[in-house]
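Numbering (the numbering used here), first residue to last: 21 to 493.
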Amino acid sequence: MKVLIVIFLAIQILIFLYFIIVNSIYTFFFIVSIKEVYKNLVISSQKRLKKILRSKVYYKPISIIVPVYNEEKTIVTNVGNLLNLHYPEFEVIVVNDGSTDKTLELLKQRFNLIKSIPAIRLTLKHKPIRSLYFSIDYPNLIVVDKVNGGKADALNAGINVSQYPLFCCIDADSILEPDALLRASRIFFEDKEVIATGGIVFPVNGCKIEGGIVTEVRTPNKIIPLFQHLEYLRGFLIGRIGWSWWRNLLIISGAFGIFRKDMVLAIGGYRHTVGEDMDLVVRLHRYCLENKIKYKIVFIPDPICYTQVPFDLISLLNQRNRWHRGLIDSLWFNKKMFLNPKYGWVGLFGFPYFVFIEALGPIIEFSGYFAFVLFYYFGLLNEEFAFLFFVLAFLWGIWINISSIFIDNYLYKHYKNLTDIVKLYIVGILEFFGYRQLLVVERIIATLQFWKKGWGRLKREKIKDETVIQSIN
């Protein structure tokens, strides 16, 4: 019995330390975020953006690559948005990855496409390209029709077709702010060591859209997307900013990232995995550190990409399952970096954090919930410890949520409606009572299914564009 008590006590201490470490890091990152966001807002003034537009040497041309598979509900709005971005020189490459719906037909009709024989340099390997299409109305639009091979395969095909030194990958259900590329890509001109960057991703659910542009930022009306909105605020405005400042940024969202093409070609492009976004960034770190190349992978807390998040529970769980499997696969593929001083702070701090906190975190957290029930049942629960745990773990976590909302409302002021702000504060509290535990269980399931390569299918809603609706009415 004494041995059992010692084991229970050790488990309590381990779980307690886990929450202390996680919340301490995010608290520190919150302080960093305040400083970095303010500094970036000063740098990214409209005056500087106008200077970029006027100058012929203050930017680098960019290729926007959009991998699509059965995206008939969102593709027309997405491409229309991209073609109207404020950027001096860019091309939009839509890679139709063997869609079985009307995605390709809608593109042909809306953008007046003509078919061409594919003749590209196959620098990166991917499934065969059937045809290339060019737009009569939009000279900078290219549509690639290829055999289905997955998102990574489609991105590799888009890179092969692209002609510019930078490329931006964006999801087909996403909408960029008109000047998002200007804000994000300026760093490549200002700092020659930058090889990759990403911006903020917000849910488009609930936002008002006119002419392919988000004209009013609103929170979702449904509870599941609303919880995700909070997660995105916390993850980007505290997590990503902090990791970028620490030079340990291991992930750039697949919904919106910009990369130097020569560096991506050097590592062989995207690897076939369900977590291609994180995998690419980790391999870029690895390549540069192994070859002693001076580099920076940074997060810019200003340009915004709006993306459609799952609005039903099944789609949400499928997404989080895939995310976690992708995380584990990327960490395993690059396992030689783990606690390896050869890879500097990335190997000694960033990589281990993602192993112990992100990959193994769900198991530790679930063990904590289970242990509390078990301790209570056997009369081994220390009430003082339980109270302290609740205060430090739950209330501290709630404070971090509120802090991320504060950063957005105080510095960015995206939300003009008081109701939206109140809704975010409410879910900032409610997240810890059911929603978080549900995702923990799904991530544990994903851990047991780490070997699976399937994506699963997410339900899409048609993006409601007020301009289109008014023209119909």
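Every residue, glycine too, gets a C-beta built ideally from N, C-alpha and C.
In this text the structure is predicted, and so the values were computed from the model without any measurement.
For residue i, does the count of other Cβ atoms within 10 angstroms reach 16, so buried, or fall short, so exposed?
i      : result
Gly454 : exposed
Glu486 : Bear in mind that a pLDDT of 47 at Glu486, under 50, signals an unreliable position, so the number given afterwards is only what the model happens to contain. Flag for Glu486 reads exposed.
Lys473 : exposed
Val26  : exposed
Asp211 : exposed
Val96  : buried
Tyr435 : buried
Leu34  : exposed
Ile492 : Bear in mind that a pLDDT of 30 at Ile492, under 50, signals an unreliable position, so the number given afterwards is only what the model happens to contain. By the 10 Å Cβ count, Ile492 comes out exposed.
Gln490 : Any answer about Gln490 is weak, because its pLDDT of 37 lies below 50 and its placement is not dependable; what the coordinates show is given next. Flag for Gln490 reads exposed.
Pro185 : exposed
Arg345 : buried
Arg254 : buried
Glu462 : buried
Ser44  : exposed
Lys22  : exposed
Asn311 : exposed
Gly231 : exposed
Thr143 : exposed
Lys433 : exposed
Is the Cβ-Cβ distance between residue i and residue j less than 8 Å?
i      : j      : result
Asn168 : Lys145 : no
Ile258 : Ser53  : yes
Cys188 : Ile85  : yes
Val214 : Ser264 : no
Leu133 : Tyr153 : yes
Phe110 : Ala413 : no
Asn60  : Ile320 : yes
Glu56  : Ile195 : no
Ile383 : Ile464 : yes
Leu444 : Thr239 : yes
Ala379 : Leu359 : no
Leu250 : Glu451 : yes
Leu246 : Leu105 : no
Leu304 : Ile278 : no
Val88  : Val114 : yes
Gly191 : Gly274 : At residue 191 the sequence reads Asp, which differs from the Gly that was named. Cβ atoms of Asp191 and Gly274: closer than 8 Å.
Ile31  : Ser387 : yes
Val237 : Cys325 : no
Arg141 : Ala216 : no
Lys135 : Ser151 : yes
Phe392 : Ala406 : yes
Pro323 : Gly219 : yes
Thr47  : Ile420 : yes
Lys242 : Phe374 : no
Pull the bridge partners of residue i from the DSSP assignment, please.
i      : result
Phe452 : None, per the DSSP bridge assignment.
Glu236 : Lys228
Ile149 : Lys166
Glu111 : Ser83
Leu201 : Answer is none; Leu201 lacks a bridge partner.
Asp117 : Lys166
Val88  : Asn116
Ser155 : Leu133
Leu285 : BP columns for Leu285 are empty, so no partner.
Leu459 : None; Leu459 has no bridge partner.
Leu161 : Val112
What residue does the beta strand (DSSP E) around residue i start on, and which one ends it?
i      : result
Glu251 : Unbroken run through Glu251 is the alpha helix (DSSP H), 243-254; no beta strand (DSSP E).
Thr327 : 316-327
Ile134 : 133-136
Arg280 : 276-280
Phe187 : 186-190
Leu196 : 194-196
My guess is that residue i and residue j are in contact by the Cβ rule of under 8 Å, so how many angstroms apart are they, rounded?
i      : j      : result
Val284 : Ile179 : 7 Å
Lys362 : Leu309 : 7 Å
Leu347 : Val302 : Not quite, the Cβ-Cβ distance comes to about 10 Å (not below 8 Å), so this is no contact.
Glu91  : Asp193 : 7 Å
Leu300 : Tyr290 : 6 Å
Tyr79  : Ser205 : 6 Å
Starting from residue i, trace the alpha helix (DSSP H) both ways and give me its first and last residue.
i      : result
Val221 : Premise fails: Val221 lies in the beta strand (DSSP E), 214-223, not in any alpha helix (DSSP H).
Ile425 : 416-427
Ile384 : 381-397
Ile348 : 333-353
Ser535 : Coverage of the chain is limited to positions 21 through 493, which leaves residue 535 absent and any answer about it impossible.
Phe369 : That residue, Phe369, is in no alpha helix (DSSP H); it is neither H nor E in DSSP.
Glu378 : No alpha helix (DSSP H) holds Glu378; DSSP gives it neither H nor E.
Tyr307 : 296-310
Ile179 : 171-181
Ala406 : 403-409
Asn95  : Per the sequence shown, residue 95 should be read as Ile rather than Asn. It spans 95-103 - the alpha helix (DSSP H) in which Ile95 sits, taken as one unbroken run.
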